[in-house]
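Read through the structure below, which is laid out as structure tokens, and then see the notes.
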Amino acid sequence: MRDTRIIMGVPVVVDVVGGAAGDLERVFDHFHAVDERFSTYKEGSEISRINRSEIGPEEWSDDMREVFALCEQAAQDTLGYFSTRTPEGILDPSGVVKGWSIKNAAQLVESMGFEHFWVEAGGDIQTRGLSELGTPWSVGIRNPFGAGIVKVVYPEGRGIATSGNYIRGDHIFDPHTMQPAISDLVSITVLGSDVYEADRFATAVFAMGDRGIVFLEQHPDLEGYAIYRNGQSVMTSGFDALTMPPATTLCAT
Amino acid sequence: MRYINPLLIKSICSVVAIALFGGFAVAHSAKSAATPVTVQHAEIPAMTEQTAANSQSASAEAYAPEQSDTPISAVAKTETPRQSSSTRVEMVPVTTTQTVCDPLPASQQKAGTVRTRGDDDDDYEGSDDGYAPVTAQSNCHQVTTTTMVPKTAADAASQQTPAPQQVPAVQPAVVTPSGFKNGTYTGSAVNNGHGIVQVQAVISGGKITDVVFLQIPSGGTSSMINTRAMPLLKQQAIAIQSANVSGVSGASDTSAAFIESLGAALTQAKA
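Residue numbers (my numbering), protein chains in the order written: chain H, 1491 to 1743; chain P, 12 to 282.
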């Protein structure tokens, strides 16, 4: 069963093969709880209260602590290109929260006993197993210049996340200069061992501009697909293999 | 295997000075899905102790902004590595073979697979600016090189499995007697005449497990792709695919965020 809700400002898609409405509801509730805590748009959220200095670090929730520790790690792993502070000085861990919450949602679905599902928030996706048709899950990479998709990827359990500026404009900035990341990069898709890994790198590599794809190539656990303003794309050496339909084992489970 | 630009060596030098006294070698395993693993060794010349930043957060601050108008670098020139003069290190020859291909000449490049930016751009010099060159290659040949590396590094390299799969970041390796201190160390930013080169070394378990380029001569991906450091990146024009997919990955839709935000504001306004 599949459903889509708008939570955390993005479409959240939950597709659980063999699941019922109540199962999906539990997953959506999880995302609502994340939103209540981490949304910088919600005045009463924990992160908003932190930004207004209403609560100090000793009063942070365990989830908040965990997320900020992950943010710290992400900054290290991305040479400082992952940033937890906006140019306006607001603490915003959303670069990690999205992938983290999807990963937790996937674990929730697994704990409910399901082995085949698709959990997504705003284009960041974690899949497991096979679709309802018994075929491998397939993800289309959106054409940044208009309608349609430009690549089909078979993540096979990997996480996938795409960062781009073709809709929001200059919302991605380079933390080293605190200016919009200026480059001809329009969209970059990251595949990692899970959606948390893909997501935390996706924004950072976009801020790296032209060198983002190089960073991904150097990283042994990541693959990437970058699209530039001139309509050219550059992909890491292992990306092509992910665009080939895998052999389907219908009798897998 | 190819020799490393001495300025790159200088950057690595400053890195490992923090972690180690004496001569040493840096091993970096190139990731490869289909070709044999290429192991690059850099011989480090005389060392000086430095108190360079070795904390994780400082490495970001030490990072200089990329100079986007710097001319593109050509392939780094190679130079015979020099022996360390501060500590005697046993050296052994290491021979490696690499497949190297030349990109097709411009006349044979198909429309749509060649960069379209930079050809007429006066801000860039040379032909390898803008974006990556074509995927098609010609004149593929084997290049065998022999170089002298510290014995400990050679021992470590020989223990790696030369499989066509991707090489994991952490390899079993011999721990040198002098050892490295665990952590991530950022080398100095060195200008090689075409831009800044800066590397970061990752030490875990007392061994160098990764060397990462923090900065490369700016001007676009092509400067890395054209150098044989990144021969496996592939470029192609995007094309609309017709396919049934389970879903789509793309940048977030801002209109949803607007609805969400407005909804939250209106909810509060109700009170």
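By construction, the Cβ of each residue, glycine as well, lies at the ideal position given by its N, Cα and C atoms. Since this is a predicted model, take the numbers as computed values, not measurements.
- Using a Cβ-Cβ cut-off of 8 Å, Ile214/P does not count as an interface residue toward chain H, since no Cβ of chain H sits closer than that to its own.
- Here the alpha carbons of Val1643/H and Met1734/H stand approximately 7 Å from one another.
- When the alpha-carbon of Leu1732/H is set against those of Ser1723/H, Ser1628/H and Gly1702/H, the nearest one is in Ser1628/H.
- When Cβ-Cβ separations below 8 Å define contact, Lys245/P makes contact with chain H.
- Considered as a whole, the region 1568 to 1640 of chain H harbours 1584 to 1601 as its complete alpha helix (DSSP H) runs of no fewer than 4 residues, in chain order.
- DSSP, reduced to helix, strand and coil, places Arg1719/H outside both helices and strands of the structure shown, so it counts as coil.
- Pro1626/H counts as buried, since at least 16 other C-beta atoms from the protein chains shown sit within 10 angstroms of its C-beta.
- For Asp1689/H, the enclosing alpha helix (DSSP H) has its first and last residue at Val1685 to Ala1697.
- In the DSSP annotation of this structure, the continuous segment of the beta strand (DSSP E) that includes Ile1496/H starts and ends at Arg1492 to Ile1497.
- With a threshold of 8 Å between beta carbons, Val1503/H makes contact with chain P.
- Ile1650/H has its alpha-carbon roughly 20 Å from the corresponding atom of Phe1635/H.
- Phe1696/H and Ser1653/H do touch by the CB rule: their CB atoms are close to 4 Å apart, below 8 Å.
- Proximity of chain P to Gly1638/H at the Cβ level (cut-off 9 Å) is accounted for by Ile251, Gln252 and Ser253, in chain order.
- According to the DSSP secondary-structure assignment, Lys245/P is paired through a beta bridge with Met1725/H.
- Contact with chain H is found for Gly258/P, since one of that chain's Cβ atoms lies less than 8 Å from the residue's Cβ.
- It is roughly 43 Å from the alpha-carbon of Glu1549/H to the alpha-carbon of Thr1726/H.
- Pairwise C-beta distances place the region 1601 to 1614 of chain H out of contact with the region 1569 to 1579 of chain H, as fewer than three of them are shorter than 8 Å.
- Listed along chain P are Gln252, each with a C-beta nearer than 7 Å to that of Lys1641/H.
- DSSP, reduced to helix, strand and coil, places Ser1535/H outside both helices and strands of the structure shown, so it counts as coil.
- By the rule that beta-carbons nearer than 8 Å mark a contact, Gly194/P does not touch chain H.
- As DSSP reads the structure, Tyr1644/H sits in no beta bridge.
- With respect to the C-alpha of Gly1603/H, the residue from Val1504/H, Tyr1718/H and Gly1508/H having the closest C-alpha is Gly1508/H.
- Judged by DSSP secondary structure, Leu1675/H falls within the beta strand (DSSP E) whose first and last residues are Leu1675 to Gly1682.
- About 11 Å separates the CB atoms of Gly1585/H and Tyr1686/H; that is not less than 8 Å, and the two are not in contact.
- In the three-state reduction of the DSSP assignment, Val1504/H falls in the strand class, which pools E and B.
- Judged by DSSP in its simplified three-state form, Ala1651/H adopts strand.
- At a C-beta separation below 9 Å, Ser1677/H has these neighbours in chain P: Gly261 and Ala262.
- Chain P places no beta carbon closer than 8 Å to that of Val1524/H, leaving this residue out of the contacts.
- For His1709/H, same chain residues with a beta-carbon under 8 Å away, outside a window of 5 residues either side, are Phe1691 in chain order.
- If you look at Val256/P, you'll find it isn't in any beta strand (DSSP E); DSSP assigns it neither H nor E.
- Ranked by how close their Cα comes to the Cα of Gly1728/H, the residues Ala250/P, Ile251/P, Lys245/P and Ile249/P have Lys245/P in first place.
- The C-beta distance from Ile1678/H to Gln252/P rounds to 18 Å, too long to fall under 8 Å, and the pair is not in contact.
- Taking a beta-carbon distance threshold of 8 Å, Arg1495/H does not count as an interface residue toward chain P.
- In the three-state scheme derived from DSSP, where H, G and I count as helix and E and B as strand, Thr1733/H is classed as helix.
- Relative to the Cα of Asn255/P, the nearest Cα in the group Asp1553/H, Asn1720/H and Lys1641/H belongs to Lys1641/H.
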